[in-house]
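Below is one structure, written out as structure tokens; comments come after it.
Numbering (my numbering), first residue to last: 81 to 167.
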């Protein structure tokens, strides 16, 4: 137990837990969630777009590649539906 002699307040640091997730892990989770939204055709929020904007170029390129891949898949599905007459 740590006590400050100038104050009557004592702080018990023995039960203090370290942060469960370091900041880098939180950002990695945010990045993965955005990628999952793109893969599942979910709409990105303004917060997602702001986060993407703050990413380094390498991470932005990963998101762009995933987005392009999904757009091509969606276009193929639409074309298949048009060609089969399933409307």
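Yeah, the Cβ is synthetic: ideal placement off N, Cα and C, and Gly gets one too.
None of the values given here were measured: they were computed from a predicted structure.
For residue i, is the classification buried or exposed, using 16 other Cβ atoms within 10 angstroms of its Cβ as the cut-off for buried?
i: residue 114; result: buried
i: residue 176; result: Nothing in the structure corresponds to residue 176, since the chain is present only between 81 and 167.
Kindly give me the distance between the Cβ atoms of residue i and residue j, rounded to whole angstroms, as I take these residues to be in contact under 8 Å.
i: residue 111; j: residue 150; result: Actually they are not in contact, since the Cβ atoms of residue 111 and residue 150 sit about 16 Å apart, beyond 8 Å.
Could you give the residue range of the alpha helix (DSSP H) that holds residue i?
i: residue 154; result: 137 to 164
i: residue 134; result: 126 to 134
Below 7 Å CB to CB, which residues in the same chain sit around residue i once its five sequence neighbours on both sides are set aside?
i: residue 147; result: 118
i: residue 132; result: 114, 140 and 143
Just to confirm my understanding: we take residue i, look at its own chain, exclude 5 residues before and 5 after, and list those with CB closer than 6 Å. What are they?
i: residue 165; result: none
Using a Cβ-Cβ distance cut-off of 8 Å, determine whether residue i contacts chain B.
i: residue 106; result: The structure shown contains no chain B; it holds only a single protein chain.
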